[in-house]
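Protein chains in written order, with my numbering: chain A, 15 to 315; chain B, 264 to 381. Note that CB positions come from ideal geometry on N, CA and C, so glycine has one too. Treat the numbers as computed from the prediction; the structure is a model and nothing was measured. As structure tokens, the structure follows; a few thoughts come after it.
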Amino acid sequence: MRILIADDEDGTRLKLETVLEKLGYEVVVARDGNEAWELLQRDDAPALALLDWLMPGLDGVEVCRRVRRSGKLPYVYIVMLTVKGQKQDLVAGMDAGADDYLSKPFDVEELRVRLHAGERILALQEELRLQATHDDLTGVLNRGTVLEILRRELALVARKSVPVAIILADLDDFKQVNDRHGHAIGDTVLREAARRLSTPMRPYDAIGRYGGEEFLIVLPGCGVDSALLVAERVRCSVGGRPITTSAGDVAMTVSLGVSAVEKAPPRLADELIQAADDALYRAKRAGRDRVEHASNPDDRA
Amino acid sequence: MSKRSISDLDAALNALEGDRELLRRIARLFLAQCPQLLEEVREALLRGDADALERAAHKLRGSVSNFAAKKAHDAALRLEQMGRDGDLSGGAEAQAHLESALRELQGTLGEFSKDSDT
């Protein structure tokens, strides 16, 4: 695990760096608060940070306050380093959002157990974050998260002229599965369908459960043509063979609507989804188990 | 080495789980930087700059805390508090205490950092 140490005092830095490396951490070093704040804003920021209270530039408490105010995720577990006899400082540090504190001089054993406690908290935070962003049943992203990703990608279309495509995928006649076999079997089918929907995707694509048996796929960098290819692969992946359940094999197919934005001016997520939804409706009307696309997102079927 | 300073370094060594080599490296670093750290305290007192005194004394205190050196630590703490309170009236006396404690610590660390591992 990566850990940031920020201290302007060379002896303490040497001590921390040596000890932490011996404990198996990958250590990132900052010599003052500005450097620490810069490192903590990066995407690959360490998950653990030991910040000295009093440093030139930004002090540890200010760094801590900024990290918390930024709402940065994943969560950074912050331990404030104080020299003994700074009780008021310590209260201020904890108020600024620090998770723990350590008084200098600290011994190795104490450092080890405090950091282990921190790692436990981080593991719980990560679990909560996964729960908050993913759909319980299918394990794909939840509606809020996938919409958030779509909005972010749409902002990029405007800034960098990178296209983005979406696929709205709806399982065909899913209600009949529930009616015929019950909800437990329905859940099994949903889970397996979600897995098959995800299979053709690239690592930076996103898929979320948009409604009951409806899924939204976001394809950054894709125009209509490549999105149609992906949609076709998704269709084959889901309908290629029946889904095995405890009640026997269940045949399942999917209908898909595709829409894309290739350049500015940007479209709102709602408009793009509406266009995909119209295309999906056409796919359903045309007999299901097929892909349709909105040649122009302004088309309204 | 006085008995007192031996036991001080033992505490510092225990805190590092007996890593003499690491303590020796920290000691050498401190010995190299101590004059500069002390100079910052002196200058702050000379200028009557309370903020600078608080910072310089604090940094020095952080440095000596690695050696569990109570006398030097307390002397630095006193100066740090003077800086924080903005009252430098006892500064000269506190500085003398600090310098004497640091001389003692430098002596102890000088001996220790010369030793080879036993």
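Hey, out of Ala295/B, Glu303/B, Gly354/B, Asp337/B, whose CA is closest to Ala364/B's CA?
Along the second sequence, read from residue 1 onward, the residue named residue 364/B stands at position 101. Looking at the Cα atoms, Asp337/B is the closest of the given residues.
Under 8 Å Cβ-Cβ, which residues of chain B neighbour Asp121/A?
Along the first sequence, one-based indexing puts residue 121/A at 107. The answer, in chain order, is Asn277, Ala278, Leu279, Glu280.
Contact between the stretch 298-306 of chain A and the stretch 261-272 of chain A: three or more CB pairs below 8 Å?
yes
Members of the stretch 361-379 of chain B near chain A, C-beta cut-off 8 Å
none
Along the chain, where does the beta strand (DSSP E) that runs through Glu40/A open and close?
Looking up residue 40/A in the first sequence gives position 26. 40-44 is the extent of the beta strand (DSSP E) around Glu40/A.
Residues that DSSP places opposite Pro298/B in a beta bridge
Position 35 of the second sequence, counted from the start, is the residue given in the question as residue 298/B. Bridge partners of Pro298/B: none, in fact.
When burial is assigned at 16 or more other CB atoms within 10 Å of the CB, is Pro70/A buried or exposed?
Counting from 1 along the first sequence, the entry for residue 70/A is found at position 56. Flag for Pro70/A reads exposed.
Buried versus exposed call for Thr213/A [16 or more other C-beta atoms within 10 Å across all chains shown]
As a first step, residue 213/A is located in the first sequence; it is residue number 199 there, counting from the start. It is exposed - the Cβ of Thr213/A has fewer than 16 other Cβ atoms within 10 Å.
Do the stretch 228-240 of chain A and the stretch 249-260 of chain A make contact, defined as three or more Cβ pairs closer than 8 Å?
no
C-alpha gap between Gly253/A and Val203/A, whole angstroms:
Residue mapping note: residue 253/A aligns to position 239 of the first sequence, counting from 1. Residue mapping note: residue 203/A aligns to position 189 of the first sequence, counting from 1. Rounded to whole angstroms, Gly253/A to Val203/A spans 12 Å at the Cα level.
Where does Gly271/A fall in DSSP's three states?
Position 257 of the first sequence holds residue 271/A. Strand, per DSSP.
Among the residues of its own chain, which have a CB less than 7 Å from the CB of Leu87/A, if the five just before and after it don't count?
One-based indexing of the first sequence puts residue 87/A at position 73. Within the same chain, Leu87/A has close Cβ partners Arg143.
Beta-carbon proximity check, Ala147/A vs Arg205/A, cutoff 7 Å:
In the first sequence, the residue the question calls residue 147/A occupies position 133. In the first sequence, the residue the question calls residue 205/A occupies position 191. Note that residue 147/A is Thr in the sequence shown, not Ala. Not closer than 7 Å, so no.
Looking at the secondary structure, which residues open and close the alpha helix (DSSP H) in which Glu306/A lies?
In the first sequence, the residue the question calls residue 306/A occupies position 292. Counting along the chain, Glu306/A falls outside any alpha helix (DSSP H), though it belongs to the beta strand (DSSP E) covering 305-307.
I want to know whether the stretch 220-227 of chain A touches the stretch 152-165 of chain A - three or more CB-CB distances under 8 Å.
yes
What did DSSP end up calling Ser260/A once you bin it into helix, strand or coil?
The residue you call residue 260/A lines up with position 246 of the first sequence. Looking at Ser260/A - three-state DSSP - the assignment turns out to be coil, as it is neither helix nor strand.
Got a sec? Which residues, its chain only, sit under 6 Å from Lys266/B by beta carbon, not counting five neighbours each side?
As a first step, residue 266/B is located in the second sequence; it is residue number 3 there, counting from the start. Annotation note: pLDDT 45 at Lys266/B (below 50); position unreliable, coordinate value reported separately. So no residue of the chain qualifies.
Contact residues within the stretch 61-74 of chain A, judged by C-beta distance below 7 Å to chain B:
Leu68
So, helix, strand or coil for Met108/A, using DSSP?
As a position in the first sequence, residue 108/A is number 94, starting the count at 1. Helix, per DSSP.
To the nearest angstrom, report how far apart Leu294/B and Val77/A are at their CA atoms.
Start at 1 with the first residue of the second sequence, and residue 294/B comes out as number 31. Start at 1 with the first residue of the first sequence, and residue 77/A comes out as number 63. Spanning the two alpha carbons is a distance of roughly 30 Å.
If I measure Cβ to Cβ from Arg305/B and keep anything under 8 Å in the same chain, skipping five residues before and after, which residues do I get?
Here residue 305/B is taken as the residue at index 42 of the second sequence, counted from 1. Gln358, listed in sequence order.
Which same chain residues, not among the five before or five after Val33/A, have their C-beta less than 8 Å away from its C-beta?
Your numbering for residue 33/A matches position 19 in the first sequence. Closer than 8 Å at Cβ, skipping near neighbours: Val122, Leu125.
Cβ-Cβ distance between Ala183/A and Phe229/A below 7 Å
Within the first sequence, the letter at position 169 stands for residue 183/A. Within the first sequence, the letter at position 215 stands for residue 229/A. In contact: Ala183/A and Phe229/A (Cβ atoms closer than 7 Å).
Check whether Gly349/B and Ala313/B have beta carbons under 7 Å apart
Position 86 of the second sequence holds residue 349/B. Position 50 of the second sequence holds residue 313/B. Closer than 7 Å, so yes.
Cβ-based neighbour list, Ser270/B, same chain, cut-off 8 Å, excluding 5 preceding and 5 following
Mapped onto the second sequence, residue 270/B falls at position 7. With a pLDDT of only 49 at Ser270/B, under the threshold of 50, the placement of this residue in the model should not be trusted, and no figure is reported.
Between which two residues does the alpha helix (DSSP H) containing Val81/A stretch?
Numbered from its first residue, the first sequence carries residue 81/A at position 67. Segment 74-84, the alpha helix (DSSP H) holding Val81/A.
What span of residues does the beta strand (DSSP E) with Asp114/A cover, start to end?
As a working note, residue 114/A is residue 100 in the first sequence. Run containing Asp114/A: 114-118, per the beta strand (DSSP E) assignment.
Taking its Cβ as the centre, do 16 or more other Cβ atoms sit within 10 Å of Glu167/A, making it buried, or is it exposed?
Taking the first residue of the first sequence as position 1, residue 167/A is located at position 153. So Glu167/A counts as buried.
Nearest to Glu162/A by CA position, among Ser309/A, Pro60/A, Ile231/A, is which residue?
Locating residue 162/A in the first sequence gives position 148, counting from the first residue. It is Ile231/A.
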